[in-house]
Amino acid sequence: MKMSNMLISTLREVPAEAEIDSHKLMLRAGMIRKMAAGVYNYMPLGLKVLKKVEDIVREEMNAAGAQEFLASAIIPAELWQESGRWDAYGAEMFRLKDRGERDFCLGPTHEEVFTDIARNEIKSYKQLPLNLYQVQTKYRDERRPRFGVMRSREFVMKDAYSFDKDQKGLDISYDKMHDAYVKIFNRCGLDAKCVAADSGAIGGANSAEFMVKSEVGEDDVVFCTNCDYAANIEKATAKLEELEKEELMEAKKIATPDSRGINEVAEFLNISPKKTVKTLLYNVDGKIVAVFVRGDREVNEVKVANASNASGDIEMASHEEYIKAAGCDIGFAGPIGIKVDLILVDEEVKNMYNFVVGGNETGYHIQNVNYGRDFDGTVSDFRNVTEGDMCPDCGGKLTIARGTEVGHIFKLGTKYSESMNANFIDEGGKEKPFIMGCYGIGVTRTMASIIEQHHDENGIVWPLSVAPYHISVIPVNVKDEEQVKVANELYEQLVGMGVEALLDDRNERAGVKFKDSELMGIPMRVTVGKKIGDGEVEFKLRDGEMEVIKISDVCNIIKSEFEKNNMKLK
Ligand code: ATP
Ligand code: MG
1 MKMSNMLIST LREVPAEAEI DSHKLMLRAG MIRKMAAGVY NYMPLGLKVL KKVEDIVREE
61 MNAAGAQEFL ASAIIPAELW QESGRWDAYG AEMFRLKDRG ERDFCLGPTH EEVFTDIARN
121 EIKSYKQLPL NLYQVQTKYR DERRPRFGVM RSREFVMKDA YSFDKDQKGL DISYDKMHDA
181 YVKIFNRCGL DAKCVAADSG AIGGANSAEF MVKSEVGEDD VVFCTNCDYA ANIEKATAKL
241 EELEKEELME AKKIATPDSR GINEVAEFLN ISPKKTVKTL LYNVDGKIVA VFVRGDREVN
301 EVKVANASNA SGDIEMASHE EYIKAAGCDI GFAGPIGIKV DLILVDEEVK NMYNFVVGGN
361 ETGYHIQNVN YGRDFDGTVS DFRNVTEGDM CPDCGGKLTI ARGTEVGHIF KLGTKYSESM
421 NANFIDEGGK EKPFIMGCYG IGVTRTMASI IEQHHDENGI VWPLSVAPYH ISVIPVNVKD
481 EEQVKVANEL YEQLVGMGVE ALLDDRNERA GVKFKDSELM GIPMRVTVGK KIGDGEVEFK
541 LRDGEMEVIK ISDVCNIIKS EFEKNNMKLK
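Residue numbers 1 to 570, in the UniProt record's numbering, belong to the letters of the sequence shown in order.
So this is what it looks like as structure tokens:
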């Protein structure tokens, strides 16, 4: 591409709307432009990178035996009603009506559509296993679109759906996708880690996320400092501390007139918050659920939602609901005698001795309370892991880091095939529901994440595999005929070799050209200047030192860069 023919939209200033580096650089390099909140136009440079990432995704999906498909983004409501998600999906779904008042949505994801395709097209076990994928635009009316294409309302996703005749088949399909994802993110130059994830209320399902460690990530990921354990905080668990055994003492009501919060109560009684248990009340689809965790712990709402079969996100109970359940002011609710629909007790509480709880009476707490003797409920893990907790696998120290989810693999089982009656005929002639898996990659989010991991103060530093162009050829002085001639020849030669080259033939100062090339993150640069008299040019890797090389060596150096990156010239 000759830059004189190109729409170049680089910006010197940092746009005020952008908070994180990738967003700033995508705007500054002229890759994207905002049209509305969370809605972006892809400029030529951005589109080139997007296509490169898509191509890597396609190559690895095809290599894993998946077949590309393209579904419509407009989906009739009936399909979502069949699965029960038309109502459950809530405000995140963009909904529309046609001229005949029929309901549609713009697909936020495509489980229903692919289940429908499978039930229409696949009749027999002989046609299984099958994995269909698409690279397609998705629509989600996110509550907080932000960080540019990291969390946008229109984005490109690769979504794949596998259909198997049994669980064993699904395990194989799932593992293949896991391996393909590892290759995809590697080839994109992304350091992404596969971590265990929550799979919602679907019993027995398995799910993992590919997370990129990042300070601007919106997820908390728990890692073991000693072994490979890694899990999203929604899912992560910790080994319980062994507590020293104590004699059970007699429970006793005590006046705590001005102490409501756990810290106040602990201070007032001069005990550690670890000797207290706090009460949180939730409204889950109209039912009141009480959750009890150690005073210094945080409740894990995902675990609570799963245990109470919530249809979606859960809410704290209202003030009135609290008073009705506990019969007292906020701050004094406790487990003994509370009137709720479900009691969830964190496993740690079960192991504690003689702790303090709210008295369900304004101004009072109860001392020396013990699970089993004084109250009971459903015991499981309902707390968040905290820094320094013990790894559930090896007992090592757990640490927490921020991460961005770039991919998700999920064993769905029969969730959709059962609700949508998607069956095949098995070996014995019996009808059975498909065993399904679904696998997503945020293609546009991947692009932004690559920039988060590959940039410096001068701009983007693209890995060669996804760079919009491989090299820029820069004649220093476009008024110098000889320089222009050599640069042109070099450019033509490179293009002929299959290198995606940019020729910066603009009538600009060399400094401006260097700046643009660096901002746009072009991995290699050849500068054609005064040294051509000696048959020499300057060569620089985007993240390397400048060297003077023979013009005749340029092609070989470029070839070796391709080899180093395991890439072939086309
Ligand atoms: P998140 O928790 O970040 O909202 P999600 O769980 O809703 O993600 P999935 O439904 O699993 O995401 O979608 C598959 C992939 O699509 C995600 O791994 C992510 O990379 C990408 N993705 C999801 N929402 C967005 C968005 N609003 N903008 C850009 N990419 C997105
Ligand atoms: Mg989401």
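For every residue, glycine included, the Cβ atom is placed at its ideal position computed from N, Cα and C.
For clarity, every value in this text was computed on a predicted model and none was experimentally measured.
inquiry  = For Asn565, which residues in the same chain have their Cβ closer than 8 Å to its Cβ, ignoring the five residues on either side in sequence?
reply    = Pro463, Leu464 and Ser465
ask   = Excluding five sequence neighbours on each side, which residues of the same chain lie with their C-beta closer than 6 Å to the C-beta of Asp389?
value = Ala238 and Leu398
inquiry  = Just to confirm my understanding: we take Leu50, look at its own chain, exclude 5 residues before and 5 after, and list those with CB closer than 8 Å. What are they?
reply    = Tyr42, Val156, Val443, Thr444 and Met447
message = Would you say the beta carbon of Thr444 is closer than 7 Å to some non-hydrogen atom of the ligand ATP?
response = yes
ask   = Is the closest heavy atom of the ligand ATP to the C-beta of Glu111 under 7 Å?
value = no
message = Suppose only complete runs of 3+ residues qualify. What are the beta strand (DSSP E) ranges in the region 282-324, listed by chain order?
response = 287-294
message = Along the chain, where does the alpha helix (DSSP H) containing Cys555 start, and where does it finish?
response = Val554 to Lys564
ask   = Does DSSP put Gly169 in a helix, in a strand, or in coil?
value = helix
request  = Output the boundary residues of the alpha helix (DSSP H) element that contains Ser22.
outcome  = Asp21 to Arg28
query = Does DSSP put Pro335 in a helix, a strand or coil?
reply = coil
task = Indicate whether Tyr371 and Glu246 have their beta-carbon atoms separated by less than 8 Å.
result = no
task = Compute the distance between the beta-carbons of Val182 and Ala401, then report whether it is under 8 Å.
result = No, Cβ-Cβ distance for Val182 and Ala401 is not below 8 Å.
query = How long is the line joining the alpha carbons of Gly377 and Leu344, rounded to whole angstroms?
reply = 6 Å
CA nearest to the CA of Leu25, picked from Ala467, His470 and His455 = If we check each option's Cα against that of Leu25, His455 comes out closest.
ask   = How many angstroms separate the CA atom of Asp191 from the CA atom of Tyr322?
value = Distance between the alpha carbons of Asp191 and Tyr322 is about 46 Å.
ask   = Hey, quick one: how far does the beta strand (DSSP E) through Tyr469 stretch, first residue to last?
value = Premise fails: Tyr469 is in no beta strand (DSSP E) and is neither H nor E.
message = Below 8 Å, how does it come out for the region 408-426 and the region 68-75: are there three or more Cβ pairs, yes or no?
response = no
inquiry  = Using only the alpha-carbon positions, how far apart do Ala510 and Lys550 sit?
reply    = Approximately 20 Å between the Cα atoms of the pair.
task = State the start and end residues of the unbroken beta strand (DSSP E) segment that holds Tyr133.
result = Leu130 to Tyr139
ask   = For the region 369-454, which segments carrying the beta strand (DSSP E) assignment without a break, of at least 3 residues, lie completely within its bounds, in sequence order?
value = 378-380, 398-413, 423-425, 431-433 and 435-442
ask   = Is Val216 near the ligand ATP, judged by its Cβ being under 7 Å from some heavy atom?
value = no
Complete runs of the beta strand (DSSP E) confined to the region 182-231 [at least 3 residues] = 192-196, 207-213 and 219-224
Cutoff 7 Å; reference Arg140; Cβ partners in own chain excluding five residues on either side = Glu92, Pro108 and Arg153
ask   = CB-CB under 8 Å to Met420, same chain, minus the five flanking residues each way: which ones, in chain order?
value = Leu79, Glu82, Ser83, Glu112, Thr115, Asp116 and Arg119
Assigned exposure category for Met249 - 16 Cβ within 10 Å defines buried = A residue is called buried when at least 16 other Cβ atoms come within 10 angstroms of its Cβ; Met249 does not meet this threshold and is exposed.
query = Is Arg260 closer than 8 Å to Val349 when the C-beta atoms are compared?
reply = For Val349 and Arg260, no; Cβs fall outside 8 Å.
request  = Could you say which of Val291, Gly358, Lys432 and Tyr282 lies nearest to Ile262 if we only look at CA atoms?
outcome  = Gly358
request  = Just the C-alpha distance for Leu7 and Ala317, rounded to the nearest angstrom, thanks.
outcome  = 55 Å
ask   = Of all the options Gly533, Leu490, Cys227 and Ser9, which has the alpha carbon lying nearest to the alpha carbon of Ala29?
value = Ser9
query = Tell me which same chain residues have a C-beta within less than 6 Å of the C-beta of Pro468, skipping the five on either side of it?
reply = Excluding five sequence positions before and after Pro468, the CB atoms of its chain that fall closer than 6 Å to its own CB belong to Leu45, Lys48 and Val49, given in chain order.
request  = List the endpoints of the continuous alpha helix (DSSP H) containing Arg85.
outcome  = Arg85 to Ala88
query = Where does Phe147 fall in DSSP's three states?
reply = coil
task = Determine which residues share a DSSP beta bridge with Ser124 and list them.
result = Ile425
ask   = Relative to the ligand ATP, is the shortest distance from any of its heavy atoms to the C-beta of Met447 smaller than 7 Å?
value = no
Cβ-Cβ distance between Val216 and Ile451 below 8 Å = no
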